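S.K.: Be aware that the sequence shown starts at 5, since it is given in my numbering, and climbs by one per residue.
Think of the CB as a built atom: it goes at the ideal place given N, C-alpha and C, for glycine as much as any other residue.
Quick caveat: nothing in here was measured; it's all calculated off a predicted structure.
Handing you this structure, nothing more for now.
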Amino acid sequence: MTTPTVTTTLPDAVIDAVRGARRVLVLSGAGMSVESGVPTFRDAQSGLWEQFDPSQLATIEAFQMDPPFVWAWYAWRMQLVRGVDPNAGHVALAELAGLRDVTISTQNVDDLHERAGSSVAAHLHGSLFDPRCSECDTPYEGEIELPQEPIERLEPPTCPQCEGDVRPGVVWFGEMLPDEAVETTESAVDSLETGDVVLVIGTSGLVYPAAGYPAMARAEGATVIEINPHESEVSDMCHHVVRGPAAEVLPQLVAALG
Ligand code: BV8
5 MTTPTVTTTL PDAVIDAVRG ARRVLVLSGA GMSVESGVPT FRDAQSGLWE QFDPSQLATI
65 EAFQMDPPFV WAWYAWRMQL VRGVDPNAGH VALAELAGLR DVTISTQNVD DLHERAGSSV
125 AAHLHGSLFD PRCSECDTPY EGEIELPQEP IERLEPPTCP QCEGDVRPGV VWFGEMLPDE
185 AVETTESAVD SLETGDVVLV IGTSGLVYPA AGYPAMARAE GATVIEINPH ESEVSDMCHH
245 VVRGPAAEVL PQLVAALG
């Protein structure tokens, strides 16, 4: 497998690849939202939770052991996302959809792609804003108290149907990804052709099955381009790596297509 070209600025090869692409598949991770002020999953947790590894908190076991502790973390993250805006990278992807056939599959549980005007084909790891009952799975549409500051414990809402604890609508470690999100993403990958482009933006490539999609895309003959200031577990799967932040590189890319 050829090694990727690695540049810190946007190379002509990347601009030409996107200019000539029939379709663009975007695979985004938490790095997409960093410049909006949303910390990535692996950034130091804020205060209360800093002694916890997020993948220990983001489990059904942690929630069942102490629902108010885990719910407080998610209620704070909902409040955090509600308080920030999409960044120039999200906006550039929404603009790109006016120039090319763009499909977005994201690992992110925020709604910043949507708020920038993109339609998102798949939220592989669910959404902070789709709470449901942890017992009967009924979507929860009632009031949610959002803390203005990180707090240690907050009682989750109670399901009006069965009085079970309401849980966040995210996919926890050890849980299956939503069938529809997986099917949509895998059919988008399977239908890639030579000349199509995959933009792998802001993901460490550590979490499966999402981390497997760049290699699958490359095997379909697409040109795979990573946008990430740091090396990731999927950098070697890419043809081109642009070592820069999404909110800087993506607007440059879209402007260059003009
Ligand atoms: C599954 C929602 C089948 C929750 C998330 C043992 C038992 C069970 C499963 C496993 C097991 N061992 C391994 C597994 C599989 C496991 C897994 O992959 N574990 C890893 C840790 C090894 N996967 C699962 O469990 C998945 N389910 O496999 O089901 C199954 C079931 C049972 C038994 C076996 C198999 C479910 C995974 C979903 C977990 N939920 N999120 C929540 O958010 O609270 S994952 C969570 O972490 C995020 O969604 C994100 O996708 C992921 C990674 O987080 P981050 O590292 O923060 O973000 P990211 O990776 O995107 O990295 C940030 C990147 O941004 C960095 O590269 C950085 O350089 C870059 N960046 C920074 N600034 C910028 C930037 N990029 C661009 N611009 C910038 N400015």
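Which residues bound the alpha helix (DSSP H) around Glu230?
M.R.: Where Glu230 is concerned, there is no enclosing alpha helix (DSSP H), although the beta strand (DSSP E) it sits in stretches over Thr227 to Ile231.
S.K.: Would you mind giving the Cβ-Cβ distance between Pro151 and Gln83, rounded to the nearest angstrom? I have them listed as a contact below 8 Å.
M.R.: Correct: roughly 6 Å between the Cβ atoms.
S.K.: So for His234, helix, strand or coil by DSSP?
M.R.: Three-state DSSP puts His234 in coil, outside helix and strand.
S.K.: Going residue by residue through the region 85 to 168, where are the continuous beta strand (DSSP E) segments of at least 3 residues, counting only ones entirely within it?
M.R.: Entirely contained in the region 85 to 168, the beta strand (DSSP E) runs reaching 3 residues are, in chain order, 105 to 110 and 130 to 137.
S.K.: Is there at least one non-hydrogen atom of the ligand BV8 closer than 7 Å to the beta-carbon of Gly216?
M.R.: Flag unset: Cβ of Gly216 not near the ligand BV8.
S.K.: According to DSSP, Ile205 sits in a beta bridge with which residue or residues?
M.R.: BP columns for Ile205 point to Ser32 and Ile231.
S.K.: Are the CB atoms of Ala214 and Leu128 within a distance shorter than 8 Å?
M.R.: Going by C-beta atoms, Leu128 is nearer than 8 Å to Ala214.
S.K.: Take every Cβ of the region 79 to 93, pair it with every Cβ of the region 34 to 44, and state whether three or more of those distances are shorter than 8 Å.
M.R.: Taking 8 Å as the limit for Cβ pairs, the verdict is that the region 34 to 44 does touch the region 79 to 93.
S.K.: Is Pro172 helix, strand or coil by DSSP?
M.R.: Residue state, collapsed to three classes: strand.
S.K.: CB Leu14 to CB Ala250, shorter than 8 Å?
M.R.: Taking 8 Å as the Cβ cut-off, Leu14 and Ala250 do not qualify as a contacting pair.
S.K.: State the Cα-Cα distance for the pair Glu184 and Glu149, rounded to the nearest angstrom.
M.R.: One C-alpha to the other measures close to 30 Å.
S.K.: Can you check which of these residues, Gly24, Pro58 and Leu31, is closest to Val3 by C-alpha distance?
M.R.: With the chain represented from 5 up to 262, any question about residue 3 goes unanswered, as that position is not in the structure.
S.K.: Would you mind giving the Cβ-Cβ distance between Gly209 and Val238, rounded to the nearest angstrom? I have them listed as a contact below 8 Å.
M.R.: Their Cβ separation, rounded to whole angstroms, is 3 Å, which keeps Gly209 and Val238 in contact under 8 Å.
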